[in-house]
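Structure first, then comments.
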DNA sequence: CCACCCGTGGTACCCAGGTACGAGGCCGGG
DNA sequence: CCCGGCCTCGTACCTGGGTACCACGGGTGG
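Residue numbers (the working numbering), protein chains in the order written: chain Y, 1 to 223; chain A, 1001 to 1223.
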């Protein structure tokens, strides 16, 4: 600790002004952080990023007009060394993953502890990447182990899949149609549709096609 | 949060005794940590894990005989809820990813700060996952920006497809809908449907879903 | 006890997508 | 020259899949 007293200049981009001031208060409590700009939308964020040149940008995903993902893409396109941390209420949100692909260096849930936030900003500012541990955990669950519900926890089920849904998720990734899913799991097609629909909603995906893509990108299929 | 004074029982697995005692000193300085076992090799680690059932295992990768990865695999195979943090001097991806695939919940470099170590242990003990920011960064580098070849020559089994069809094929694998395909290639949706239909017919596939699967299996998209 | 979530099932609606068929334009080879 | 492949576009049809409801039994926890 006691890093050198380098000021880190931060920009906030979120459509909720209340949340912005909340973050501002948290951040300015740290003496090496300065909030140098606030943006209420994607377009504004892009413009401000180019003019103010903040060290780190906290970017919300859901914003009216240009969303955080697209804003991230454009900002990193203009200045690839931009350091952007994606903020979202939902974990395992396809938009958020899109944000990482768009060039973001970090990913945080909005209910993160202040210490997590400051730690993430410092990590990103120093050139590293930071992903919230809860999301990291989700990613790991999808990696090697099937994780048979071992220890299901409190808050992590905000956007997370239930055990059954994860089974269906994997089967979709194998390319099964709804009738085939029904046959495999001894369910009615109605039930299958319920599961599929909830999976798509929770993960923020459009199609089963994107389910397949996500599954392969996370490496949990494909021998 | 609210990590009440619950004792976290920790096992160390590393072939270097010196390093073990170093870690032990760091850990026992925390009043909620107890080092309950030390293993000098993989086999010993597996045996001790089964007998003393530690809450968290700090596992070195490089060990004589059974290495840390294999030990992790066997321990998690026996008890999937085991919480293992991989330790290594090198941040080579194979170690990291191998360990994580083997079921590890965390990954740390040995030059980590004591605070990082204790934070990681607490995160893992409480059911979350923790990966050193440097490794996280590597993961993101792999996750994002990996669509190098839209124009590959050989494209193994796709000989039946024409050039245009191959383009469309790859775009489908990215998850584009028909309207999106039309927009990207400046075509009408009718034309897109023609192409898609012929692609499915030639490759003997049912859905665009199976197109995605085939593309990933052939390694034509993604990482 | 009640509230909540999960898994199961249903109905109804709508549209994206897949199928079938045709047709015109372009280009290269026989 | 004509033939055939490729690319383009259209129209019409039908099914699978996604969405929006609602409902019920079982388990769990406050």
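Beta carbons are placed, not taken as given, at the ideal position from N, Cα and C, and that holds for glycine.
Pull up the distance between the alpha-carbon of residue 54(Y) and that of residue 204(Y), whole angstroms please.
30 Å
Shorter than 7 Å from the beta carbon of residue 210(Y) to some beta carbon of chain A?
Answer yes: the Cβ-Cβ gap between residue 210(Y) and chain A drops below 7 Å somewhere.
Which of the residues in the region 1165-1191 of chain A, read from start to end, lie with their CB under 7 Å from any CB of chain Y?
1175
Through-space distance from residue 1035(A) to residue 215(Y), alpha-carbon basis:
C-alpha separation (whole angstroms): 38 Å.
Where residue 1072(A) falls: helix, strand or coil (DSSP)
helix
Let me know the secondary structure DSSP gives residue 1079(A) once reduced to three states.
It is coil, neither helix nor strand.
So if DSSP puts residue 12(Y) in a beta bridge, which residue, or which two residues, is it bridged to?
38(Y), 58(Y)
Is there contact here, the region 1186-1193 of chain A with the region 191-202 of chain Y, by at least three beta-carbon pairs under 8 Å?
Result no; under three Cβ-Cβ pairs closer than 8 Å.
Rounded Cβ spacing between residue 1073(A) and residue 1103(A) (contact assumed at less than 8 Å)
7 Å
Quick check on the DSSP output: what are the complete alpha helix (DSSP H) runs of length 4 or more inside the region 180-204 of chain Y, in order along the chain?
189-203
Looking at chain A, which residues of the region 67-86 of chain Y have a Cβ within less than 7 Å of any of its Cβ atoms?
none
Name the residue from 201(Y), 27(Y), 170(Y) whose alpha carbon lies nearest to the alpha carbon of residue 247(Y).
This structure gives no information on residue 247(Y), because the portion of chain Y shown stretches from 1 to 223.
Using 7 Å as the threshold, is the C-beta distance between residue 85(Y) and residue 58(Y) below it?
Residue 58(Y) sits close to residue 85(Y), with the two beta carbons spaced by under 7 Å.
Cross-chain neighbours of residue 213(Y) in chain A, by beta carbon under 9 Å:
1173, 1174, 1175, 1212, 1216, 1221, 1222
Quick one: what does DSSP say residue 1085(A) is sitting in, helix, strand or coil?
strand
Roughly how many angstroms separate the alpha carbons of residue 1113(A) and residue 126(Y), rounded to a whole number?
If I take the Cα positions, the gap works out to 15 Å.
Pairwise C-alpha distance: residue 1077(A) and residue 122(Y)
37 Å
Who does residue 33(Y) pair with in a DSSP beta bridge?
8(Y)
Which residues in the same chain have their Cβ closer than 8 Å to the Cβ of residue 82(Y), if we skip the five residues on either side of it in sequence?
49, 57, 75, 76, 103
Nearest to residue 42(Y) by alpha carbon, out of 61(Y), 119(Y), 22(Y), 66(Y)?
Residue 42(Y) has its Cα closest to that of 66(Y), out of 61(Y), 119(Y), 22(Y), 66(Y).
So with Cβ pairs under 7 Å, would you call residue 1020(A) a contact of chain Y?
no
By the three-class DSSP mapping on this structure, what secondary structure does residue 1064(A) have?
If DSSP states are grouped into helix, strand and coil, residue 1064(A) belongs with coil.
By Cβ distance, which residues of its chain are closer than 7 Å to residue 1007(A), with the 5 residues on each side in sequence left out?
1032, 1034
Should residue 176(Y) go down as buried or exposed, given a rule of 16 or more other Cβ atoms within 10 Å for buried?
The residue in question, residue 176(Y), is buried, as its Cβ has 16 or more Cβ neighbours within 10 Å.
Which of helix, strand or coil does DSSP assign to residue 17(Y)?
DSSP places residue 17(Y) within a helical segment (H, G or I) once states are collapsed to three.
Nearest-angstrom Cα separation, counted from residue 1027(A) out to residue 224(Y):
Because residue 224(Y) is not part of the residues shown, which for chain Y are 1 to 223, the question remains open.
Would residue 165(Y) pass as a contact of residue 213(Y) if the rule is Cβ separation under 7 Å?
no
Residues near residue 1161(A) in its chain [Cβ-Cβ closer than 7 Å; skip 5 each side]
1169, 1199, 1202
When the distance is taken between beta carbons, is residue 1052(A) closer than 7 Å to residue 1037(A)?
Yes, Cβ-Cβ distance for residue 1037(A) and residue 1052(A) is below 7 Å.
Considering only residues of the same chain and omitting the five flanking positions on each side of residue 11(Y), which have a CB-CB separation below 8 Å?
35, 36, 37, 38, 39, 45, 48, 49, 52, 54, 56, 57, 58
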